[in-house]
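*Asks:* Numbering (this note's numbering), first residue to last: 121 to 650.
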Amino acid sequence: MNTRISLLTQTIFWTLSLCSGVVQAQLAQNLTIGSPKAMALGNAVTADSTGIDGVHYNPATLSKLKGRQTTVKFITGMMDIRADFDAPQDYGNNFMGLDTDSVANSSSRSSAAMMYLPGVGGATELPMLFAPLAGLSITPPGSKFTFATNMYTPQALGFARDDDDPGRYQGKELVIQRLTYFSPSLAYQVNDEFSVGLSIGFSHQAMALNQDFRAPGILTGFVGVAQDALCLVDNNPFEVFLNICGGELGPFTDIANIDIDMQQTLSPTWNVGFLWEPNDWFALGAVYQSEAKMRLKGQYVVDYSENWQGFWQGLDSSFIGAVFNTLTPDGAFSEERGNVSMNMTYPAHFATGIKLKPHDRWQINLDVKWTDYAAWDKFELEFDRQLDILTIASLFSPENATSTSIILDRGYESVWSWAIGVEYQVNDRLSLRMGYEPRPSAIPGNKADVLAPLGDAKLYGLGLGYQWDKDTVIDLGFNYLVSKQDIPARSSCSLNCSSIDSMVYNPYADLDVKTSVKAYVLALTYRTAF
């Protein structure tokens, strides 16, 4: 039981680390909505019409859609995620001199896309992300009301690494996904200059994580050195007193694999916005997107390595192991599974922007945005039964644990950002667009990791719009996002700290880590009257 509980506690921290990936560099913020116009203009579209995607960006702009219109959308993309793990000159000192780490001076790369399939569960690997989406709008003849609904993904992050990839200790497979499948919306044209709008989003939220586990540190370094000294002697009589030779348990030993799958099928939010256009050359818009409080539920599976089981079985067979067997794992279980749940808040978002037309052919959009990532100050994960280790933890840290739950402080910060977009009207049919959006990270540097390896990021957009006929518009948009970060050894205790109390969770202790992420997203929409 204690073996299982110990790994469960580590699973909690991994799951909480998974949540931090949502926040890093705002990777998912507006990147996977699939609006070609917004993508091309760097998401600076709060005061501009984005067709049916106004459901998300500003529902007041839906009043620009006249008659009955339907939109079909295709979005595809890929990510190139890399990490380098470099060993400094003094590497191994904190592991009692052991320096046989296969991860040291190696590189990780992932380009496989992962998606979560609602109703099926679990992460599904795809050669390339591809999703068809759709929406429609209706403005009754002579009415000031516009009704609409849209399907889109306000949040989507997923990747897979190979079984022997050195990055597998912080994500062999990862999916964080939010799919809005129904979004009844209403826009009202108050007068020729002013519109207001409201949309209600019904979404599916999912998280899935598969990850290998190891625990490099001072304690496992000491065990590794002791094993090197004691376990080479056959029939060592000392094993009757203390047997640590049943299985390898050094700082670089694979201990277990964790698989977590959680979801919530109905998570509602609401967006409200306005659009003010006093003349042809100026517009002002604003939108508020509400937070969503959720309770994700799912299952976990823990597979233990033979080394982990053998070490504790051997220890229990000795005198010291027998004395402390109520406190130490017994290695009797090769697998455990159960139910788990977590409270989570999808953060609120606010944006305001202007649209300027200094010339008949030129248009400039500028947005300022705020996202309430301070809502991620703490994470709480609960089990469906009482765990002994959490009961003990609650005695020493009652503010962070109870007998059935654990709370982890994260300290994320709400962030402001900006974006700019430029459009050039070539002729009555063709428009060319480009945009730029710097994306600051909401996570302090001492929380950086490889699970979502993103620091500050830059997003570039290109695209075009083409008026096929009086009822049909085709939009094409492309985004390129790039992020790099340098994490020196012992600078982030979510990654590479090596102190005696940093066993959970620093799988790259004492290593210098550099990461880079490049994302490529392409979207096409076809909008026509029906």
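Glycine included, every Cβ here is placed at the ideal spot set by N, Cα and C.
(1) For L249, tell me which candidate among V546, T273, S323 has the shortest Cα-Cα distance.
(2) Quick check on the burial criterion: 16 or more other C-beta atoms within 10 angstroms. Buried or exposed for W432?
(3) Quick one: what does DSSP say G434 is sitting in, helix, strand or coil?
(4) Of all the options K157, P627, S636, R647, which has the alpha carbon lying nearest to the alpha carbon of Q331?
(5) Thinking C-alpha only, which one of D504, E543, W536 is nearest T522?
(6) Determine the burial state of H479: buried for a count of at least 16 other Cβ atoms within 10 Å of its Cβ, exposed for fewer.
(7) For a test of the three-state rule: what should DSSP assign to W401, helix, strand or coil?
(8) Short of 7 Å in beta carbon distance, which residues of its chain neighbour V546, apart from the five on each side in sequence? Order them along the chain.
(9) Tell me the residue span of the beta strand (DSSP E) that contains P156.
(10) What residues in its chain sit with their C-beta under 7 Å from that of E533, if we drop five residues either side in the sequence?
(11) Taking DSSP as the reference, what is the three-state secondary structure of E426?
(12) What are the boundary residues of the beta strand (DSSP E) that Q587 is part of?
(13) If the criterion is Cβ atoms closer than 8 Å, does the pair A609 and L631 meet it?
(14) Output the boundary residues of the alpha helix (DSSP H) element that contains L339.
(15) For T648, which residues from the same chain have a beta carbon less than 6 Å from its beta carbon, with the 5 sequence-adjacent residues on both sides left out?
(16) Would you list the one or two residues that DSSP bridges to L571?
(17) T491 and E411: beta carbons closer than 8 Å?
(18) Indicate the three-state DSSP secondary structure (helix, strand or coil) for R406 in the structure shown.
(19) What separation, rounded to the nearest whole angstrom, lies between the Cα atoms of L277 and A167?
(20) Is the region 417 to 429 in contact with the region 334 to 349, if contact means three or more CB pairs nearer than 8 Å?
(21) Between the region 284 to 300 and the region 310 to 329, can you find at least three pairs of beta-carbon atoms closer than 8 Å?
(22) Tell me which residue opens and which closes the alpha helix (DSSP H) that V175 is part of.
(23) Which residue from F279, T152, V345 puts its Cα closest to that of T373?
(24) Would T635 and V570 qualify as a contact pair, given that the criterion is a beta-carbon distance under 8 Å?
(25) Can you tell me which of the three DSSP states G141 falls into?
(26) I'd like the span of the beta strand (DSSP E) that includes A442, first residue to last.
(27) What does F250 pair with, by DSSP beta-bridge criteria?
*Replies:* The answer reads as follows:
(1) Taking the sequence shown and counting its residues from 1, the one referred to as residue 249 is at position 129. That would be T273, whose Cα lies nearest to the Cα of L249.
(2) Locating residue 432 in the sequence shown gives position 312, counting from the first residue. The residue in question, W432, is buried, as its Cβ has 16 or more Cβ neighbours within 10 Å.
(3) Against the sequence shown, residue 434 aligns to sequence position 314. Of the three classes helix, strand and coil, the one that applies to G434 here is helix, per DSSP.
(4) Sequence index remark: in the sequence shown, residue 331 carries index 211 (1-based). Answer by Cα proximity: P627.
(5) Position 402 of the sequence shown, counting from 1, holds the residue named residue 522. Of the candidates D504, E543, W536, the one whose C-alpha sits nearest the C-alpha of T522 is D504.
(6) The count along the sequence shown starts at 1 and reaches residue 479 at position 359. By the 10 Å Cβ count, H479 comes out exposed.
(7) On the sequence shown, residue 401 is found 281 positions in, with the first residue counted as 1. Residue state, collapsed to three classes: coil.
(8) Numbered from 1 along the sequence shown, position 426 holds the residue referred to as residue 546. Cβ within range, chain order: L552.
(9) As a first step, residue 156 must be located in the sequence shown, where it is residue number 36. From DSSP, P156 is part of no beta strand (DSSP E) but of the alpha helix (DSSP H) over 156 to 160.
(10) As a working mapping, residue 533 is identified with position 413 in the sequence shown. The residues are Y493, A494, A562.
(11) Here residue 426 refers to the residue found at position 306 when the sequence shown is read from its first residue. Looking at E426 - three-state DSSP - the assignment turns out to be helix.
(12) As a working note, residue 587 is residue 467 in the sequence shown. Segment 577 to 589, the beta strand (DSSP E) holding Q587.
(13) Counted from its first residue, the sequence shown places residue 609 at position 489. Counted from its first residue, the sequence shown places residue 631 at position 511. Yes, these two residues count as a Cβ contact at 8 Å.
(14) As a working note, residue 339 is residue 219 in the sequence shown. Note, L339: alpha helix (DSSP H), 338 to 350.
(15) Within the sequence shown, numbered from 1, the residue matching residue 648 stands at position 528. The residues are D591, T592.
(16) Looking up residue 571 in the sequence shown gives position 451. BP columns for L571 are empty, so no partner.
(17) Counted from its first residue, the sequence shown places residue 491 at position 371. Counted from its first residue, the sequence shown places residue 411 at position 291. No; because the gap between Cβ atoms is not below 8 Å, this pair is not in contact.
(18) Counted from its first residue, the sequence shown places residue 406 at position 286. It is worth fixing the name first, because residue 406 is Ala in this sequence and not Arg. Strand.
(19) In the sequence shown, the residue the question calls residue 277 occupies position 157. In the sequence shown, the residue the question calls residue 167 occupies position 47. About 27 Å.
(20) no
(21) yes
(22) Locating residue 175 in the sequence shown gives position 55, counting from the first residue. From DSSP, the alpha helix (DSSP H) with V175 extends over 174 to 177.
(23) Start at 1 with the first residue of the sequence shown, and residue 373 comes out as number 253. The residue with the shortest Cα to Cα distance from T373 is V345.
(24) Your numbering for residue 635 matches position 515 in the sequence shown. Your numbering for residue 570 matches position 450 in the sequence shown. Closer than 8 Å, so yes.
(25) Reading the sequence shown from its first residue, position 21 is the one you call residue 141. Low confidence applies here, because G141 scores a pLDDT of 41, under 50, leaving its location unreliable; read the following figure in that light. Residue state, collapsed to three classes: helix.
(26) Within the sequence shown, residue 442 is the residue found at index 322, counting from 1. Element bounds for A442: not the beta strand (DSSP E) but the alpha helix (DSSP H), 439 to 443.
(27) Here the question's residue 250 lines up with position 130 in the sequence shown. Paired residue(s): T196.
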